[in-house]
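J.:
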Ligand code: AFP
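In this note's numbering, the protein residues as written are 1423 to 1739.
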């Protein structure tokens, strides 16, 4: 691992850390470009218009001005990076081709500002990014070469993996990301749970899983923001987030390409697990840009328990 003479490990900046990961220079450049774009997103969140954009996205969800602005910031940066083939954004209706050929190109799927409806009440939100080699974005999540998120909270943190562990960087007073945690790992089981969706729409299997968690003393910790809720489970290393299948919504709410695959990649890299209640999220074949899946993600034993309750209640209740 790279260590600059006279500098402690934890003053390492993002580019140096990426260069120590033995990955292609174009991927180093791409992740650094995304980190740079996040600084403009942060500025927009802190000072921008909290109103609606007057448009809606692929899911019919009303877009906020910040959703559209954040998407534009990221797409422009990726397009000018010179290393991106195709781009898919939760805020765009179709894939955007940045360039069609060239050596060592990557494709990127992102949610530019997940949880944007929480900005007006000053809760934490984030950007989620999934990266594949080449031009095909409809690959199983297990084929990702990198995944990262940026969490805009009391501190701004960037968490990434290129398949060699999970590493957290925190923005300092000079607007630089410096290493704050390296090789983040999760315990086998946890004591917090973040339950998404309406409880009265839970299926019996999910209902029994929640009862199991409460009986073992797990505490409810849910903010309504996927990025902070996942970050809490990951950084405390002991918990589970789920947004399950609901009565009337068998695929739940969260999107496979932009939200579930990148987070599942990170959590598995930290020794956790992510399932749709039947198979690992990373093994689900994406069928469309708006592909949704139920998700149970966090400590491996907690996720396995959730899968067992789904399997048991599929037949009996
Ligand atoms: P917004 O991006 O519309 O705020 O939705 C946030 C989100 O996609 C994800 O961040 C949360 O985990 C989930 O929705 C919360 O959904 P519920 O409000 O249905 O619990």
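The beta-carbon is built from N, C-alpha and C at its ideal position, and this holds for glycine as well.
Given 8 angstroms as the limit, is there contact between the segment 1596-1609 and the segment 1648-1658, that is, 3 or more CB pairs closer than that?
T.: yes
J.: Comparing C-alpha positions only, which one of 1481, 1465, 1721 sits nearest to residue 1615?
T.: The sequence position of residue 1615 within the chain shown is 193, counting from 1. Among 1481, 1465, 1721, the Cα nearest to that of residue 1615 is on 1721.
J.: Name the one or two DSSP bridge partners that residue 1617 has.
T.: Position 195 of the chain shown, counted from the start, is the residue given in the question as residue 1617. BP columns for residue 1617 point to 1664.
J.: Is the distance from the Cβ of residue 1708 to the Cβ of residue 1676 below 8 angstroms?
T.: Along the chain shown, read from residue 1 onward, the residue named residue 1708 stands at position 286. Along the chain shown, read from residue 1 onward, the residue named residue 1676 stands at position 254. Contact flag unset, no.
J.: Are the CB atoms of residue 1474 and residue 1466 nearer to each other than 8 angstroms?
T.: Walking along the chain shown from the start, residue 1474 turns up at place 52. Walking along the chain shown from the start, residue 1466 turns up at place 44. Going by C-beta atoms, residue 1474 is not nearer than 8 angstroms to residue 1466.
J.: Taking the Cβ atom as the reference point for each residue, do residue 1650 and residue 1546 lie within a distance shorter than 8 angstroms?
T.: As a working mapping, residue 1650 is identified with position 228 in the chain shown. As a working mapping, residue 1546 is identified with position 124 in the chain shown. Closer than 8 angstroms, so yes.
J.: So for residue 1520, helix, strand or coil by DSSP?
T.: As a working mapping, residue 1520 is identified with position 98 in the chain shown. Residue 1520: coil per DSSP, three-state reduction.
J.: Can you look up residue 1626 in the DSSP assignment and give me helix, strand or coil?
T.: Position 204 of the chain shown, counted from the start, is the residue given in the question as residue 1626. In the structure shown, residue 1626 sits in a helix (DSSP, three-state: H, G or I).
J.: Whole angstroms is fine: what's the gap from residue 1433's alpha carbon to residue 1590's?
T.: Within the chain shown, the letter at position 11 stands for residue 1433. Within the chain shown, the letter at position 168 stands for residue 1590. Using only the alpha carbons, I get a separation of about 12 angstroms.
J.: I'd like to confirm something about residue 1598: is its beta-carbon nearer than 7 angstroms to some heavy atom of ligand 1, or not?
T.: In the chain shown, the residue the question calls residue 1598 occupies position 176. Not so, every heavy atom of ligand 1 lies at least 7 angstroms from the Cβ.
J.: Using DSSP with H/G/I as helix, E/B as strand and the rest coil, what is residue 1569?
T.: As a first step, residue 1569 must be located in the chain shown, where it is residue number 147. It is a strand residue.
J.: Please report the distance separating the alpha-carbon of residue 1734 from that of residue 1632.
T.: Reading the chain shown from its first residue, position 312 is the one you call residue 1734. Reading the chain shown from its first residue, position 210 is the one you call residue 1632. Near 14 angstroms, if we compare the C-alpha coordinates of residue 1632 and residue 1734.
J.: In whole angstroms, what is the alpha-carbon distance linking residue 1462 and residue 1452?
T.: Taking the chain shown and counting its residues from 1, the one referred to as residue 1462 is at position 40. Taking the chain shown and counting its residues from 1, the one referred to as residue 1452 is at position 30. C-alpha of residue 1462 to C-alpha of residue 1452: approximately 16 angstroms in a straight line.
J.: Go ahead and pull the three-state DSSP assignment for residue 1478.
T.: If you number the chain shown from 1, residue 1478 lands on position 56. Note: residue 1478 maps to strand in three-state DSSP.
J.: So the beta strand (DSSP E) residue 1603 belongs to, where does it begin and stop?
T.: Here residue 1603 corresponds to residue number 181 of the chain shown, with the count starting at 1. 1599-1603 is the extent of the beta strand (DSSP E) around residue 1603.
J.: Since I believe residue 1665 is in contact with residue 1716 (beta carbons under 8 angstroms), could you give me their beta-carbon distance rounded to a whole number of angstroms?
T.: As a first step, residue 1716 is located in the chain shown; it is residue number 294 there, counting from the start. As a first step, residue 1665 is located in the chain shown; it is residue number 243 there, counting from the start. Contact flag correct, Cβ pair sits at about 7 angstroms.
J.: Measuring only the C-alpha atoms, how far is residue 1423 from residue 1441?
T.: Locating residue 1423 in the chain shown gives position 1, counting from the first residue. Locating residue 1441 in the chain shown gives position 19, counting from the first residue. At residue 1423, the pLDDT of 48 sits below 50, so the modelled position is not reliable; the number obtained from the coordinates is stated separately. Between residue 1423 and residue 1441, the C-alpha separation is close to 9 angstroms.
J.: Does the beta-carbon of residue 1449, which I'm using as the reference point, lie nearer than 7 angstroms to any heavy atom of ligand 1?
T.: On the chain shown, position 27 is the one that residue 1449 refers to. No; taking the cut-off as 7 angstroms, the Cβ of residue 1449 has no heavy atom of ligand 1 nearer than that.
J.: With H, G and I counted as helix, E and B as strand and the rest as coil, what does DSSP make of residue 1712?
T.: Here residue 1712 is taken as the residue at index 290 of the chain shown, counted from 1. Of the three classes helix, strand and coil, the one that applies to residue 1712 here is coil, per DSSP.
J.: Contact between the segment 1685-1693 and the segment 1575-1585 is defined here as three or more beta-carbon pairs at a separation below 8 angstroms; is this criterion met?
T.: yes
J.: Exposed or buried, what is residue 1439 when buried is set at 16 or more other beta-carbons lying within 10 Å of its beta-carbon?
T.: Here residue 1439 corresponds to residue number 17 of the chain shown, with the count starting at 1. Label assigned to residue 1439: buried.
J.: Verify whether the separation of the beta carbon atoms of residue 1712 and residue 1661 is less than 8 angstroms.
T.: Position 290 of the chain shown, counted from the first residue, corresponds to residue 1712. Position 239 of the chain shown, counted from the first residue, corresponds to residue 1661. Not a contact, by the Cβ cut-off of 8 angstroms.
J.: With H, G and I counted as helix, E and B as strand and the rest as coil, what does DSSP make of residue 1701?
T.: Mapped onto the chain shown, residue 1701 falls at position 279. The answer is coil: DSSP assigns residue 1701 none of H, G, I, E or B.
J.: On the three-state DSSP scale, how would you describe residue 1499?
T.: Residue mapping note: residue 1499 aligns to position 77 of the chain shown, counting from 1. Looking at residue 1499 - three-state DSSP - the assignment turns out to be helix.
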